[in-house]
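Chemist:
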Amino acid sequence: MKVTVVGAGAVGATCADNIARKELCSELVLLDIKPGVAEGKAQDMMQCATLLGFDTKISGSTNDYAKTAGSDVVVITSGIPRKPGMTREELIGVNAGIVKGVALSILEHSPNAIIIVISNPMDTMTYLALQATGLPKHRIIGMGGTLDSSRFKYQLSTHMGCSPSDLNAVVIGGHGDTTMIPLMRHATWNSTPVANFLSTEEQAEIVKATMVGGATLTGLLGTSAWYAPGAAGAALVESILRDEKKLFTCCVSLDGEYGQNDICLGVPVVIGRSGWEKIVDFQLNEAEQAEFDKSAAAVRSMNDVLKTL
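See below:
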């Protein structure tokens with residue numbers, strides 16, 4: 364198996380490191396536009412092989428897509444973060460050109476690849492990748508909800524004093540501070556509703572902290588997070604290559620599911636060897652569906668910016 368990670372920044376390099384440590388593939392390519400960065404990080408990771416006991420072959424490339432040929436899965440992390448004074452439209456305009464170019468270049472050499480999008484704004488970039496490539500919708504996956512759900516479990520475990528591994532909790536909707544929807548009603552601690560252990564006030568606090576999880580880390584670090592986003596991307600790669608059929612929240616193309624069409628949005632999906640294999644209906648109540656529709660409207664507004672480019 365072969366995996367390519369496009370973008371050798373903090374998120375891309377962390378994703379690649381996780382993939383190598385777990386030996387999810389025999390060959391891993393790290394690609395970046397900045398000369399020497401991908402090559403240097405690939406060598407650095409390879410010098411860990413004997414220390415950590417993995418045999419994955421890692422190589423780096425400066426913008427040479429020929430070296431990505433035959434990739435089974437490609438993770439796209441390329442793009443710039445939003446800078447002070449930059450409008451939403453400007454961010455989308457810059458990153459849209461990057462993501463579209465990357466996706467098309469990848470498919471020239473790996474026509475059967477499954478593409479995982481991490482670049483922001485993630486929901487819009489996933490939609491763009493689907494529209495630009497014309498690939499079957501099951502082969503385009505946005506990572507956002509996987510990360511958001513992990514942050515939800517972290518907040519729950521901190522407040523409840525329990526292991527996050529014992530929790531089942533998902534976040535659906537858009538990958539943004541105002542568009543994500545932590546589904547508290549569906550969250551369980553080893554099959555027992557977490558609401559049995561938390562007050563109404565605590566539940567509201569957890570939901571709020573989850574929704575601003577990315578912004579909180581940016582405030583602390585002075586830049587976007589990378590450990591959890593990289594690990595989330597690697598978790599999806601693992602479920603694909605090992606055909607694990609795991610249930611993740613991912614940004615995928617909706618065709619009537621959850622009452623939405625012509626949009627890519629975070630919903631629970633089964634991830635296996637062919638990409639995302641089916642959407643799971645969580646049977647939202649009226650209030651949850653209203654929040655989902657509101658989230659979809661916000662994401663659709665961002666998608667409309669693509670029409671002006």
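Sequential numbering of the sequence shown, starting at 364, is according to our numbering.
Beta carbons are placed, not taken as given, at the ideal position from N, Cα and C, and that holds for glycine.
Leaving out five residues on either side along the sequence, give the residues of the same chain with a beta carbon under 7 Å from the beta carbon of GLN652.
Modeler: Around GLN652: GLY622.
Chemist: Which of the three DSSP states is assigned to GLU390 in this structure?
Modeler: Reduced to three states, the DSSP call for GLU390 is strand.
Chemist: Let's test the definition: count the other Cβ atoms within 10 Å of the Cβ of ALA567 and tell me whether it reaches 16, buried, or not, exposed.
Modeler: Exposed, since its Cβ has fewer than 16 Cβ neighbours within 10 Å.
Chemist: Does the beta-carbon distance from ALA371 to MET408 come in below 8 Å?
Modeler: Contact flag unset, no.
Chemist: Do the CB positions of GLY508 and GLY629 come within less than 8 Å of each other?
Modeler: The answer is yes: Cβ separation under 8 Å.
Chemist: For SER616, count neighbouring C-beta atoms within 10 Å of its own C-beta (all shown protein chains included) and say buried if the count is 16 or more, exposed if not.
Modeler: Its Cβ being crowded by 16 or more others within 10 Å, SER616 is buried.
Chemist: One question on the structure: do THR419 and SER389 come within less than 8 Å of each other, judged by their Cβ atoms?
Modeler: Yes, they are a contact pair.
Chemist: Check each candidate in ILE477, SER482, LEU470 and name the one with the smallest Cα separation from GLY460.
Modeler: It is SER482 whose Cα lies nearest to the Cα of GLY460.
Chemist: With distances taken between CB atoms, is the gap from LEU393 to GLY423 smaller than 8 Å?
Modeler: In this structure, GLY423 lies closer than 8 Å to LEU393 by Cβ.
Chemist: How big is the Cα-Cα spacing for TRP552 and GLU565?
Modeler: Each residue's alpha carbon lies about 16 Å from the other.
Chemist: Note down, one range per segment and in chain order, each alpha helix (DSSP H) of at least 4 residues found wholly within the region 554-613.
Modeler: Here the runs fully enclosed are 563-574, 576-584, 590-604.
Chemist: If you draw a straight line from the alpha carbon of PRO556 to that of ALA578, how long is it in whole angstroms?
Modeler: Taking the straight line joining both Cα atoms gives about 28 Å.
Chemist: Taking ASP625 as part of the alpha helix (DSSP H), name the residues at either end of that continuous run.
Modeler: No alpha helix (DSSP H) contains ASP625, which is instead part of the beta strand (DSSP E) from 624-635.
Chemist: At which residue ranges does the region 443-484 contain complete alpha helix (DSSP H) runs of 4 or more residues, listed in the order of the chain?
Modeler: As far as the region 443-484 is concerned, its whole alpha helix (DSSP H) runs of at least 4 residues are 451-472.
Chemist: For VAL662, report the span of its alpha helix (DSSP H) as first-last.
Modeler: 649-667 is the extent of the alpha helix (DSSP H) around VAL662.
Chemist: Contact defined as beta carbons within less than 8 Å: I believe CYS613 pairs with TYR490. What is the distance between those atoms, to the nearest angstrom?
Modeler: Not quite, the Cβ-Cβ distance comes to about 13 Å (not below 8 Å), so this is no contact.
Chemist: Closest to HIS501 by CA distance: which of LEU519, SER513, ILE479 is it?
Modeler: With distances taken between Cα atoms, HIS501 lies closest to ILE479.
Chemist: Considering only their Cβ atoms, is the gap separating LYS516 from PRO499 smaller than 8 Å?
Modeler: It is not a contact, given that the beta carbons lie outside the stated cut-off.
Chemist: Thinking C-alpha only, which one of MET488, ASN426, ILE439, ASP435 is nearest GLY456?
Modeler: Of the listed residues, the one whose Cα sits closest to GLY456 is MET488.
Chemist: State yes or no: is the C-beta of VAL570 within less than 8 Å of the C-beta of LEU610?
Modeler: Not a contact, by the Cβ cut-off of 8 Å.
Chemist: For GLU640, report the span of its beta strand (DSSP E) as first-last.
Modeler: From DSSP, the beta strand (DSSP E) with GLU640 extends over 638-642.
Chemist: Could you give the residue range of the alpha helix (DSSP H) that holds GLY375?
Modeler: Run containing GLY375: 373-384, per the alpha helix (DSSP H) assignment.
Chemist: Once you ignore the five residues that flank CYS378 on each side, which residues in its own chain have a CB closer than 6 Å to its CB?
Modeler: The residues are VAL368, VAL438, GLY593, GLY596, ALA597.
Chemist: Return helix, strand or coil for GLY403, following the three-state DSSP convention.
Modeler: It is helical.
Chemist: Would DSSP call THR694 helix, strand or coil?
Modeler: Because the chain in this structure spans residues 364 to 672, residue 694 falls outside the shown range and cannot be described.
Chemist: How many whole angstroms separate the CB atoms of THR573 and ALA661, which I take to be in contact at a CB cut-off of 8 Å?
Modeler: Incorrect: roughly 17 Å between the Cβ atoms, too far for contact.
Chemist: Using three-state DSSP, classify THR507 as helix, strand or coil.
Modeler: First, the amino acid is wrong: residue 507 is Gly here, not Thr. Residue state, collapsed to three classes: helix.
Chemist: Tell me the rounded alpha-carbon separation between GLY403 and LEU467.
Modeler: So the two alpha carbons sit approximately 25 Å from each other.
Chemist: With respect to the beta strand (DSSP E) encompassing THR671, which residues constitute its N-terminal and C-terminal limits?
Modeler: Neither: THR671 is in no beta strand (DSSP E) and is coded neither H nor E.
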